[in-house]
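So the structure is just underneath, and the comments pick up after that.
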Amino acid sequence: MKKKCLLSVLSLCMIFGTYSPLTVTAGAAEGFASSVVVENSDIDDGFVDSYEENEIFTDEISTFDDENAGENTTSDSNKYVSVNDYIEYMYEEDSKTLYFRLKDGVTSAEMPNNATKAAGVWAVYHASDVECINIGDGITSIGDNNFAFYKSGNIIYYGNLKKVVLPTTVTSIGINAFCEVSTLTDINISDVKKIGMSAFNGTGLTSLSFSTDSETVLGSSAFKNCKNSQSVEAGNITFALDAFAGCTSLKSVTVKNASLENAGGVFQNCNLLSEFKCDNKLESIPMAAFAN
Numbered sequence: 004m005k006k007k008c009l010l011s012v013l014s015l016c017m018i019f020g021t022y023s024p025l026t027v028t029a030g031a032a033e034g035f036a037s038s039v040v041v042e043n044s045d046i047d048d049g050f051v052d053s054y055e056e057n058e059i060f061t062d063e064i065s066t067f068d069d070e071n072a073g074e075n076t077t078s079d080s081n082k083y084v085s086v087n088d089y090i091e092y093m094y095e096e097d098s099k100t101l102y103f104r105l106k107d108g109v110t111s112a113e114m115p116n117n118a119t120k121a122a123g124v125w126a127v128y129h130a131s132d133v134e135c136i137n138i139g140d141g142i143t144s145i146g147d148n149n150f151a152f153y154k155s156g157n158i159i160y161y162g163n164l165k166k167v168v169l170p171t172t173v174t175s176i177g178i179n180a181f182c183e184v185s186t187l188t189d190i191n192i193s194d195v196k197k198i199g200m201s202a203f204n205g206t207g208l209t210s211l212s213f214s215t216d217s218e219t220v221l222g223s224s225a226f227k228n229c230k231n232s233q234s235v236e237a238g239n240i241t242f243a244l245d246a247f248a249g250c251t252s253l254k255s256v257t258v259k260n261a262s263l264e265n266a267g268g269v270f271q272n273c274n275l276l277s278e279f280k281c282d283n284k285l286e287s288i289p290m291a292a293f294a295n
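Pasting the structure below:
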């Protein structure tokens, strides 16, 4: 725009140089022509013709710039913000989606662990509005406290989160990762092999399907108080203390091989649970595993 203005000024000055008196004011590029004040009424037709040619020339420059404006628009790559040396993120306003992906040249990486809830660099501006989180291929784990519900004054973090898209490369989900996000109803965890303590405590998931081919290890209270969950299906699974306690809508559990060692209270207060199928023989059932 500055170049266009300067070019117009120089062109007009060259034209006006032979005529006197003349006042030319160079303001912002927009409305430049209207800032030219001609005080000499004796200007001949040649001058007018020259001025009109200059106007046409200026319009051609403007048209050229408009046609090429798209070449300088910001690409998606420039919208991504760094999380660390390996991962970057972008927020898409229209879909209210947070996208995470590996940086160029990185083949795999873990999401960083957060010491506290609402501590991720992405949380400051977007956690209150985000409805979907999309994790890119090559990312292998969700970190501690990454997307946990948190309220600070009038600010609610992840209070609208409904869906999480995980690639097959994610095999681990950290402590409190989605803790108390009651709006979360859609996530595929069939490839996840390790789920940390309280990772999905209090979420709105309706059914829980784990890997049927590999072992899944749960942390304590991993799905505690998931009051909408109605079924659990898994291959080889290691249950943990209070893992499904308080899942008041849970009706059936179907697994190939289960370990209930150190899983006290695992289905405590699941008062609708009427079916527990397990192909292997359970050596022991811990205290209060099915209490109430």
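Numbered by this note's numbering, the letters in the sequence shown go through residues 4 to 295 in order. Yeah, the Cβ is synthetic: ideal placement off N, Cα and C, and Gly gets one too. As the structure is a computational prediction, the values presented were derived from the model and not from experiment.
{"query": "Exposed or buried, Ala118, counting other C-beta atoms within 10 Å across all chains shown (16 or more means buried)?", "result": "exposed"}
{"query": "So Asn204 and Ser234 are in contact, right, with Cβ under 8 Å, and what is the actual spacing, rounded?", "result": "Actually they do not touch by this definition, with Cβ atoms about 18 Å apart."}
{"query": "Going by alpha carbons, who is nearest to Thr100 out of Gly141, Asp147, Gly146 and Lys166?", "result": "Lys166"}
{"query": "Tell me whether Lys2 is buried or exposed, calling it buried when 16 or more other Cβ atoms sit within 10 Å of its Cβ.", "result": "Past the boundaries of the shown model lies residue 2; the chain is included only from 4 to 295, so the question cannot be answered."}
{"query": "Measure the CB-CB distance between Ile178 and Phe213 and report whether it falls below 8 Å.", "result": "no"}
{"query": "Nearest-angstrom Cα distance between Val156 and Lys254?", "result": "The residue asked about is misnamed: residue 156 is Gly in this sequence, not Val. Near 38 Å, if we compare the C-alpha coordinates of Lys254 and Gly156."}
{"query": "For Asp132, I'd like the list of residues in its chain whose CB is within less than 7 Å of its CB, leaving aside the five on either flank, ordered along the chain.", "result": "Lys99 and Asn163"}
{"query": "Out of Val256, Gly249 and Met290, which has the shortest C-alpha to C-alpha gap to Glu264?", "result": "Met290"}
{"query": "Excluding the 5 residues preceding and the 5 following Thr257 in the sequence, name in chain order all residues of the same chain whose CB lies nearer than 6 Å to its CB.", "result": "Glu236 and Lys280"}
{"query": "The alpha helix (DSSP H) with Tyr128 in it runs from where to where?", "result": "Ala126 to His129"}
{"query": "Can you check which of these residues, Gln271, Thr219 and Lys120, is closest to Asp194 by C-alpha distance?", "result": "Thr219"}
{"query": "Are the Cβ atoms of Ile145 and Ala112 separated by less than 8 Å?", "result": "no"}
{"query": "In chain order, what residues of the same chain have a beta carbon less than 8 Å from the beta carbon of Gly139, not counting five sequence neighbours either side?", "result": "Tyr102, Phe103, Arg104, Leu105 and Pro170"}
{"query": "What does a CB cutoff of less than 6 Å around Ser201 pick up in its chain, not counting 5 residues either side in sequence?", "result": "Asn179, Cys182 and Ser224"}
{"query": "On a CA-only basis, which of Val127, Asp97, Lys120 and Ala121 is nearest Val84? Give me that one, please.", "result": "Val127"}
{"query": "May I ask whether a heavy atom of the ligand HEM can be found less than 7 Å away from the beta carbon of Ile190?", "result": "Absent from the structure shown: the ligand HEM. Ligands present: none."}
{"query": "Got a sec, what are the start and stop residues for the beta strand (DSSP E) Ser255 sits in?", "result": "Ser255 to Ser262"}
{"query": "Keeping to the same chain, check which residues put their C-beta closer than 7 Å to that of Gly268; ignore five residues upstream and five downstream.", "result": "Leu244, Asp245, Ala248, Ala291, Ala292 and Ala294"}
{"query": "Going by C-alpha distance, which of Tyr94, Gly108 and Thr174 is nearest Lys196?", "result": "Thr174"}
{"query": "So what does DSSP say about Glu82, is it helix, strand or coil?", "result": "Checking the sequence, you will find Lys at residue 82 rather than Glu. Here Lys82 sits in helix by DSSP."}
{"query": "Expressed to the nearest angstrom, what Euclidean distance is found between the alpha-carbon atoms of Cys250 and Phe150?", "result": "21 Å"}
{"query": "What's the gap between the Cα of Thr186 and the Cα of Met93?", "result": "22 Å"}
{"query": "What's the call for Leu276, buried or exposed, on a 16-neighbour Cβ count within 10 Å?", "result": "buried"}
{"query": "With a threshold of 16 other CB atoms inside 10 Å of the CB of Leu285, please say whether the residue is buried or exposed.", "result": "exposed"}
{"query": "So who's on the other strand from Glu278, going by DSSP bridges?", "result": "Ser255"}
{"query": "Name the two residues that bound the continuous beta strand (DSSP E) containing Glu96.", "result": "Neither: Glu96 is in no beta strand (DSSP E) and is coded neither H nor E."}
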